[in-house]
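Q: I have a structure I would like to understand better, so I am pasting it below and will then ask my questions one at a time.
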Amino acid sequence: MDAMSPEARSRLMAQVRSRDTAPELRVRRLAHSLGLRFRLHDRTLPGRPDLVLRRHRAVIFVHGCFWHRHKCSRATTPKSNPPYWTTKFAGNVQRDRRNAAALRRLGWRVLTVWECQTESEEKLRSRLTRFFGLPA
Ligand SMILES: [Zn+2]
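Now the structure itself:
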């Protein structure tokens, strides 16, 4: 059942995508424990990255698999109103790509961590240590 108007859904989505999600908190906590220091949601940068590590000239995006269309089983498509979702998802993916490209042009390294990749702390840790060249 889908009784929600596009406007209502859009508002809901804005909430869903808001800051301080559980995956984001997991990344922040681990990054901090590795000695990485960062600012959150820097509005002056394209896409307002979730973590900004100026010392490393790097940013981290923590993306929800559903909204940002990770190629994993969580990126399902709701059955109601397929054109709406197709357009919506395509817009999200395009925006992500544009933002990452803009950041790279400005000299930033970009790490995208997917929600499903935050569940194993071990894997997440090795991802971060490799990306930032930290001792394992
Ligand atoms: Zn995923």
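Residue numbers for the sequence shown follow this note's numbering, so the first one is 567 and each next one is one higher. For every residue, glycine included, the Cβ atom is placed at its ideal position computed from N, Cα and C.
Please report the straight-line C-alpha distance between Pro615 and His607, rounded to a whole angstrom.
A: Here residue 615 corresponds to residue number 49 of the sequence shown, with the count starting at 1. Here residue 607 corresponds to residue number 41 of the sequence shown, with the count starting at 1. Taking the straight line joining both Cα atoms gives about 5 angstroms.
Q: For Glu688, is the beta carbon positioned less than 7 angstroms from some heavy atom of ligand 1?
A: Residue 688 sits at position 122 when you count from the first residue of the sequence shown. Answer for Glu688: no, Cβ out of range of ligand 1.
Q: So, at 8 angstroms on beta carbons, what are the nonlocal neighbours of Phe698 in its own chain, with the 5 sequence-adjacent residues on each side left out?
A: Along the sequence shown, one-based indexing puts residue 698 at 132. Closer than 8 angstroms at the Cβ level, and outside the excluded window around Phe698, lie Leu600, Leu602, Leu619, His622 and Ala624.
Q: Using only the alpha-carbon positions, how far apart do Pro572 and Leu591 sit?
A: Position 6 of the sequence shown, counted from the start, is the residue given in the question as residue 572. Position 25 of the sequence shown, counted from the start, is the residue given in the question as residue 591. Going from the Cα of Pro572 to the Cα of Leu591 covers about 29 angstroms.
Q: Buried or exposed: Thr684, going by 16 or more other Cβ atoms within 10 Å of its Cβ?
A: In the sequence shown, counting from the first residue as 1, residue 684 sits at position 118. Under this definition Thr684 is a buried residue.
Q: If we ignore side chains and look at the alpha-carbon of each, how far apart do Asn647 and Ser639 end up?
A: Stepping through the sequence shown from its first residue, residue 647 is reached at position 81. Stepping through the sequence shown from its first residue, residue 639 is reached at position 73. Each residue's alpha carbon lies about 20 angstroms from the other.
Q: Indicate the three-state DSSP secondary structure (helix, strand or coil) for His607 in the structure shown.
A: Your numbering for residue 607 matches position 41 in the sequence shown. Coil.
Q: Rounded to whole angstroms, how far is the Cβ of Gly613 from the Cβ of Asn658, which I believe are closer than 8 angstroms?
A: Walking along the sequence shown from the start, residue 613 turns up at place 47. Walking along the sequence shown from the start, residue 658 turns up at place 92. Actually they do not touch by this definition, with Cβ atoms about 11 angstroms apart.
Q: Give the single residue among Arg594, Thr610 and Asp586 whose Cα lies nearest to the Cα of Leu672.
A: Looking up residue 672 in the sequence shown gives position 106. Nearest C-alpha to Leu672: Thr610.
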